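I have placed the structure first, in the form of structure tokens, so that the comments after it can refer back to it.
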Amino acid sequence: MRNNASIPPRTVHGALGGFLGFVALSAVAGVLATASVTPALALSGLAASNAVATFENLPSYLAIEPLSQKSNIYATQSDGTPVLLASFYDQNRVEVSWDAISPFVKDAAVAGEDPRFYEHGGIDLQGTVRATLRTATGSATQGGSSITQQYVKNVLVQKCEVLTDAKARGACYLAATETTVDRKLKEMRLAIGLEKKYSKQDILRQYLNIAGFGGTVYGIEAAANYYFNTSAASLTLPQAASLVAIVNNPVKFQLDDPASETNGAANGYAANKSRRDYILDEMLGLHLIGQADHAAARAVPIEPAITEPSTGCKTAGASAYFCDYVTRQLRNDPAFGKEKDTRLLNFRRGGYNVYTTLDLDLQNAAVATLTANVPKTYPGWDVGGVVTSVQVGTGRVLAMAQNKDYSQDPAVLSTGASSTGINYNTDFTDGGSRGFQPGSTYKVFTLAQWLADGHALSERVNSRRTSHWGTFADSCRGPQTYPGYNPKNDSSRENGAHYSALESTIDSINTGFIGMAKQLDLCAIRKRAEAFDVHRADGDPLLQSAATVIGTNEIAPLTMAVAFAGIANNGTTCTPVAIDSITGPDGAAIPISQSECSQSVSPAVDAGMTYAMHQVMTSGTARQSYRATSPRVPMIGKTGTTDENKDTWMSGASSTVATVVGVVSVTGAANQRGIYFDGGQAATARHRMWPDVMSVANAKYGGAPFAEASHKTIYGVPVPVPDVRGTSLVEARGSLESAGFALTDGGATASELPAGTVVRSAPAAGTRTNPGSSVTVYTSDGSQKPLPDVIGLRERTARARLSAYSVVTIDEVVTDPAQVGAVTAMTPAAGTLAQPGDVVNLSVGTLG
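Heads up, the sequence shown is in the working numbering, so the first residue is 792 and it goes up one at a time.
What follows is the structure in structure tokens.
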């Protein structure tokens, strides 16, 4: 067998010289000899000199350029192994090198399509004469193109395929394929130029990479994958011959229609087998294979193993919504073109490999817990379930799942509510969702502004429920009032009048946060949320009002996950990214957009936030999620429930991973506390799902303690205890709570003041202490009275006046007979405060 790769290319003059003896017998031999080109020139009617000039003036340069190839999107397993999520292509092609193509394929292509490929200089003169004569005499058109000419034609067709204008594409295709002498001359001229510049090996390799193998299958690698579930390098001799047979007439010879009457399973793919065996015969005749291999190959039945390629995000299964998000990021990335509309098209044709941020361990946990806890449909309720996880400090999206099947097929979507093409986790521009109200999870931004303005966690505000909140400061729109706005708290027990910021955070007290906002600037709260990259999912500006403080803006779950990751990152928020790296078809890295990180609050303020949000986990509304997470690391969190329990959320983070889960009403509404899924109450599904995902995250990524909050952040600057002596207990409570203190009732104590009147406090009035600390107040029992003056009274009379006390008499010797039997002294002294039962000592005169 010959070594095809070692045969040097020949020039057209060399090839034609070898054929002059043959063409001398032709009627056009004279023209051929003069023009040194092809019989087509002679048949065109041009004089020899004009023919040469015309031919030499045709374009002669055609570069071997990258071909349209499919692009792939991958996730990565824990061991670093890439896992294909989906492929995208206009033409299913994987361009491969010379060494990645079986020698059987190369020899079969030469034998079947161009036996003199290694002898001619781009044009097979013998074949061209035969084909040209038949065309010129009106006979049926017959192919006579060399492999080089076929490659040229395919390249010209490929240039048409990338045109976006349908009219221009049609005109281009016609010019590249029409059966005319002019088109054939141009093709020949380009083939000659190609052979002068490139080796036979390069031309054959690219021919095998560009050739169509039926439908959207292009190139030998994709054909091997699709038809025989193998690679181009591993094709057997009969497989190679069958695939090369398809190139001759893809519609007639392709192997993916087993029901075909002329080329199907029932007749052993007779049409393809006939062409395959012809190629095997040619290979034997050219001594490219031996007799034994030839006989064995012809005896092998054709048994395709059709393997459908991954096409689009639907094939990503449970990760389809993340895949969809990635494609939208590609559409927005300038790396794939200047115009947004052409970027995804360029991606589909560019042969890119996209390696995403998706963590399959977290993703699988998210999918599993959604499946277990939130059904795809529920009678009378358009229920949605979402899970999104983001890596702290990088913005890498680690998980993204929802409770629906992914589909963009209108026929599928019309069958019911179990499928949707809308990604509930993302913004409208990134998947079609217009977001959901995050409820109380949004309160963390008021907490951030509270601390940034210098308030302490222990500081108290007026938290009494009312419909008359008065005027709120708003530096953007001017002072605002909300007549009749009367938010309630989740529990009837949350009826305190002066909750601290810490208490309001731990127990998610609505009126506490409205009271905090009353001391802040509504515009500043909105801007603080925006500093954490929070924005409405529909693209409109964030709203600001008293109501938005407790979470009425519609926001995407991914946005909230990014914000919580920022809180867990010492106050530095990083925008989300879904792609780690991209390589082009040559393996070179493609520059991509990176996450942008910015400081949302100072580290000191952030430490106060994490201090409070950690207590939400350990003793507050998120303790159910905290206790169910294993292993546990330091974690922060915040729950959220919208009006009438329509949407329920659990958002939180460790120092490494932030996760948001939710059960939402996609359309309409339902009270989740009255609905029970197979896994339990709908309203508590969040506390079953969040631990499932974060347990995996904690085990894999760990978590460090959050920064310690300063004493000032927690307790604030010491202030004096107000003087509440002489006031009622109710009045004292109001004064102390208004000053930022809590009141502890120390009970009644003996005092001359009216019963219930404050007698004293501890710490005492005027003492400077931390806001939010407790002041113990003691009230009078009204029992103390001043002792009456009984000196000089007879003992009997004195005892009568002191009947409420324990009287003890002591004899005192006197010299004045008038003092005998009279009180001469008393202890305690007259006017001293005493209460019933106290001992009063009386001295009574007696003679010595």
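C-beta: ideal position from N, C-alpha, C; glycine also.
These numbers were taken from a predicted model, which means no experiment stands behind them.
Own chain, CB closer than 6 angstroms to residue i, minus 5 neighbours either side, in chain order
i: Y1146; result: Y865, D1371 and S1372
i: R1089; result: D1068 and L1071
i: N1344; result: R1327, L1333 and L1334
i: L947; result: A967
i: V1203; result: S1210
i: N1164; result: G1470, A1476, R1479 and M1480
i: T867; result: P873
i: Q1575; result: A1541, S1542, E1543, L1624 and Q1626
Cβ neighbour criterion (16 or more within 10 Å) applied to residue i
i: T1296; result: buried
i: S1064; result: The sequence given here places Lys at residue 1064; Ser does not occur at that position. So K1064 counts as buried.
i: H1246; result: buried
i: N1360; result: buried
i: E1250; result: buried
i: P1627; result: exposed
i: L1028; result: buried
i: P1049; result: exposed
i: E1094; result: exposed
i: A1449; result: buried
i: Q1082; result: exposed
i: I1341; result: buried
i: D1298; result: buried
i: S1571; result: buried
i: V874; result: exposed
i: N1054; result: buried
i: K1131; result: exposed
i: T1206; result: exposed
i: E969; result: exposed
i: A1057; result: exposed
Distance between beta carbons of residue j and residue i, contact taken as under 8 angstroms
i: V1640; j: A1556; result: Because the chain here runs from 792 to 1639, residue 1640 falls outside it and cannot be looked at.
i: Y1143; j: T1374; result: 7 angstroms
i: H911; j: S937; result: 6 angstroms
i: P1376; j: E886; result: 6 angstroms
i: G1538; j: P1425; result: Rounded, the Cβ-Cβ distance is 40 angstroms, inconsistent with contact.
Own chain residues within Cβ distance below 8 angstroms of residue i, not counting five before or after
i: T1558; result: P1511 and V1512
i: Q1610; result: G1636
i: T1262; result: P1270, Q1271 and T1272
i: V1515; result: E1522, A1523, S1526, L1527, V1549, S1552, A1556 and V1568
i: A1591; result: none
Contact test: residue i Cβ vs the ligand ATP heavy atom, cutoff 7 angstroms
i: T1185; result: The ligand content of the structure shown is nil, which means the ligand ATP is not present either.
Through-space distance from residue j to residue i, alpha-carbon basis
i: G1681; j: S1025; result: Outside the modelled stretch of the chain, which goes from 792 to 1639, sits residue 1681, for which no answer is possible.
i: I768; j: P1041; result: Coverage of the chain is limited to positions 792 through 1639, which leaves residue 768 absent and any answer about it impossible.
i: S1529; j: G1303; result: 13 angstroms
i: N1231; j: D1150; result: Before going on, a small fix: residue 1231 reads as Ser here, not Asn. Roughly 28 angstroms between the two C-alpha positions.
i: T1220; j: Q1120; result: 10 angstroms
i: G869; j: T1401; result: The sequence given here has Ser at residue 869, not Gly. Using only the alpha carbons, I get a separation of about 30 angstroms.
i: V1508; j: T1588; result: 60 angstroms
i: A962; j: G984; result: 25 angstroms
i: S797; j: P1382; result: Note on S797: pLDDT 34, under 50, position unreliable in the model; the coordinate value appears next. If I take the Cα positions, the gap works out to 39 angstroms.
i: S893; j: A1031; result: 8 angstroms
i: R1423; j: K1491; result: 12 angstroms
i: R1649; j: K861; result: One cannot answer for residue 1649 here, as it falls past the ends of the chain, which runs 792 to 1639.
i: K988; j: R996; result: 15 angstroms
i: T1447; j: S1416; result: 17 angstroms
i: G1059; j: T1102; result: 29 angstroms
i: D890; j: T1148; result: 33 angstroms
i: Y1233; j: A1541; result: 50 angstroms
i: P1170; j: R1134; result: 41 angstroms
i: A1086; j: H1078; result: 14 angstroms
i: R1464; j: K1309; result: 31 angstroms
i: P1562; j: Y1506; result: 6 angstroms
i: T932; j: Y1116; result: Legend: pLDDT at T932 = 40, less than 50; position of this residue unreliable, value from coordinates given subsequently. Their Cα atoms are separated by approximately 50 angstroms.
Same chain, Cβ closer than 7 angstroms to residue i, five either side skipped, listed in chain order
i: A1395; result: S1501 and T1504
i: R1066; result: A1036, N1039 and F1044
i: A1023; result: V887, A891, I892, S893, V896, I1011, E1012 and A1015
Threshold first: 4 residues or longer. Then list the alpha helix (DSSP H) segments lying entirely within the segment 990–1060, N to C. 991–1001, 1011–1019, 1028–1039 and 1041–1044
Quick check for students: name the residue ranges of the alpha helix (DSSP H) that lie wholly in the segment 1123–1192, counting only runs of 4 or more. 1131–1140 and 1151–1164
At what residue ranges does the segment 1289–1317 contain a whole run of the alpha helix (DSSP H), taking only runs of 4 or more? 1292–1297 and 1301–1309
Segments of 3+ residues assigned as beta strand (DSSP E) that fall wholly inside the segment 1514–1579: 1533–1540, 1549–1553 and 1565–1571
Fully enclosed by the segment 1325–1391, which beta strand (DSSP E) runs are 3 residues long or longer? 1363–1365, 1370–1374 and 1388–1390
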